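So the structure is just underneath, and the comments pick up after that.
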Ligand code: NAD
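Residue numbers (my numbering): 62 to 521.
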């Protein structure tokens with residue numbers, strides 16, 4: 062059976078790959094188990110040498126990776142190119158810091174006692190990835206897992222199999238030993254089969270629903286699961302905010318990648334005195350945005366990844382309208398020949414929001430921004446936390462004391478004050494509540510892929 066990769070702009074077939082069978086899954090796990098011993102035996106510095114070669118190959122293939130990303134999931138080409146540049150920075154960080162973070166650490170030394178901590182891999186790590194940032198989201202699991210000495214099996218998203226298959230192809234071209242980096246192709250069924258095999262660690266980025274299922278299965282086996290899941294991140298604008306900076310940040314925070322970002326601001330709370338001004342500024346901004354073919358250099362917002370996502374978004378918006386939401390701009394699929402076949406949705410601002418609307422209670426993975434007024438700091442915090450998610454939040458104010466006070470009370474793994482730019486290789490990232498478990502990036506993230514062993518030595 063073949064998996065077809067579909068271009069969300071016109072539903073044409075970008076390419077196809079053979080779907081992995083149950084036998085393929087078993088074979089991949091067996092190969093990864095066999096390769097684990099020798100891979101684990103290498104030093105971190107030796108393993109990093111392979112990642113250095115991989116980094117060079119990613120840089121060489123930048124245009125190819127970016128073009129495939131755009132064709133498979135509809136991200137404007139410049140954003141796909143930026144994604145690759147961004148990922149190269151992360152690779153540089155892992156290469157530089159991996160050996161430092163995973164080196165043995167003396168934790169206790171007294172007289173004849175010398176106790177140290179040593180970081181050891183788990184074994185075979187199943188990596189199950191989403192489609193929204195194909196290269197970097199898959200690499201967030203694959204690369205630190207490998208550096209820590211695990212062997213990996215990547216199951217790309219069914220929407221971006223070609224862009225994510227490249228990772229394993231380039232690792233193999235970097236002469237990584239056979240069985241260390243493996244690939245399986247297919248949808249959720251293949252992911253399920255992989256999780257059901259005797260893996261030693263699961264890394265997953267995707268929806269909360271699937272993450273919870275994986276967590277339950279890993280719990281039964283008693284293996285660790287690193288989970289990066291959905292979000293409905295709040296933005297809070299106080300009346301004293303610098304609106305120029307705020308509007309620019311929040312445009313990107315909601316509409317980058319057609320709104321398909323886990324940390325996108327999916328509910329925006331604005332203090333009463335500037336509420337109408339902010340709504341009008343968003344409407345004016347969105348009037349200038351070009352929606353269209355993501356291969357066209359002038360396009361700001363491309364199509365949604367799939368017809369399934371488009372249908373879900375339309376249902377969420379229809380639900381809001383039926384419950385009394387006002388469409389300030391957008392709210393429907395754009396008209397015209399260019400949009401006939403694609404999964405397009407107009408960038409949308411909704412007001413008159415109530416907390417029972419699906420755009421408030423669910424994650425909206427598309428270019429739709431509900432804007433809600435608030436009167437007091439307490440009300441903003443209460444509304445922001447009124448969600449099962451806890452991935453991130455953004456607060457805009459010139460009063461940093463207030464910003465810090467509010468940040469402390471927000472239930473999220475990341476709270477940014479006056480910025481949207483917090484994805485840095487040094488900064489740990491992950492969710493509170495149903496947005497995830499464990500952390501990626503930074504020293505904390507790197508160590509998640511290792512077991513901690515204390516070696517307590519007493520000189521006789
Ligand atoms: P998804 O959960 O539908 O799929 C993610 C991956 O899981 C895919 O590879 C899919 O084939 C696989 N899968 C599906 N069902 C499975 C099962 N039962 N067992 C094992 N694997 C299975 O998510 P998606 O649509 O690809 O991605 C969008 C979601 O990802 C959004 O909710 C978004 O917020 C989230 N996301 C989170 C982060 C983060 O860092 N927290 C980053 C990017 C995306």
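Where a beta carbon is used, it is the ideal one built from N, C-alpha and C, also for glycine. Source: prediction; values computed, not measured.
Check whether the Cβ of residue i lies closer than 9 Å to any Cβ atom in chain D.
i	result
residue 488	Chain labels in this structure do not include chain D; a single protein chain is all it has.
Any idea if residue i is buried or exposed, counting beta-carbon neighbours within 10 angstroms, 16 or more meaning buried?
i	result
residue 345	exposed
residue 148	buried
residue 328	buried
residue 205	buried
residue 349	exposed
residue 296	buried
residue 202	buried
residue 226	buried
residue 406	buried
residue 424	buried
residue 520	exposed
residue 146	exposed
residue 218	buried
residue 416	exposed
residue 106	exposed
residue 81	buried
residue 157	exposed
residue 259	exposed
residue 283	exposed
residue 108	buried
Can you find the residues in the same chain that come closer than 6 Å, C-beta to C-beta, to residue i, ignoring five residues on each side of it along the sequence?
i	result
residue 458	299, 301, 302, 464
residue 420	377, 381, 431
residue 444	330
residue 320	427, 428
residue 9	Because the chain is modelled from 62 through 521, residue 9 falls outside the range shown and cannot be assessed.
residue 504	162
residue 497	288, 289, 290, 491
residue 368	404
residue 137	355, 360, 363
residue 460	301
Kindly indicate the opening and closing residues of the beta strand (DSSP E) around residue i.
i	result
residue 228	Premise fails: residue 228 lies in the alpha helix (DSSP H), 222-234, not in any beta strand (DSSP E).
residue 286	285-289
residue 76	74-79
residue 310	Note, residue 310: premise wrong, no beta strand (DSSP E); alpha helix (DSSP H) at 304-316.
residue 298	294-298
residue 454	453-457
residue 66	63-67
residue 387	387-390
residue 244	242-244
So, with DSSP's three-state summary, where would you put residue i?
i	result
residue 125	helix
residue 408	coil
residue 506	helix
residue 192	coil
residue 265	strand
residue 426	coil
residue 341	helix
residue 99	helix
residue 379	helix
residue 491	coil
residue 155	helix
residue 348	helix
residue 107	helix
residue 450	strand
residue 202	helix
residue 135	coil
residue 498	strand
residue 118	helix
Going by DSSP, name the residue or residues bridged to residue i.
i	result
residue 166	178
residue 319	In the DSSP output, where bridge partners are listed per residue, residue 319 has none listed.
residue 328	295
residue 82	In DSSP, residue 82 forms no bridge with anything.
residue 516	177
residue 431	411
residue 511	182
Could you tell me the boundaries of the alpha helix (DSSP H) in which residue i lies?
i	result
residue 540	The chain is shown from 62 up to 521; residue 540 falls before or after that span and cannot be answered.
residue 465	461-470
residue 445	438-445
residue 214	From DSSP, residue 214 is part of no alpha helix (DSSP H) but of the beta strand (DSSP E) over 212-216.
residue 253	249-257
Please list, in chain order, all residues of the same chain as residue i whose beta carbon is under 7 Å from its beta carbon, the five residues on each side excluded.
i	result
residue 307	298, 457
residue 371	365, 404, 406
Suppose the cutoff is 8 Å on Cβ atoms and the five residues either side in sequence are ignored; what does the same chain contact list for residue i look like?
i	result
residue 168	176, 177, 178, 515
residue 78	63, 64, 66, 222, 223, 226, 246
residue 385	413, 415
residue 113	156
Cβ of residue i within 8 Å of any heavy atom in the ligand HEM?
i	result
residue 192	Absence of the ligand HEM is noted for the structure shown, with the ligand NAD being the only ligands found.
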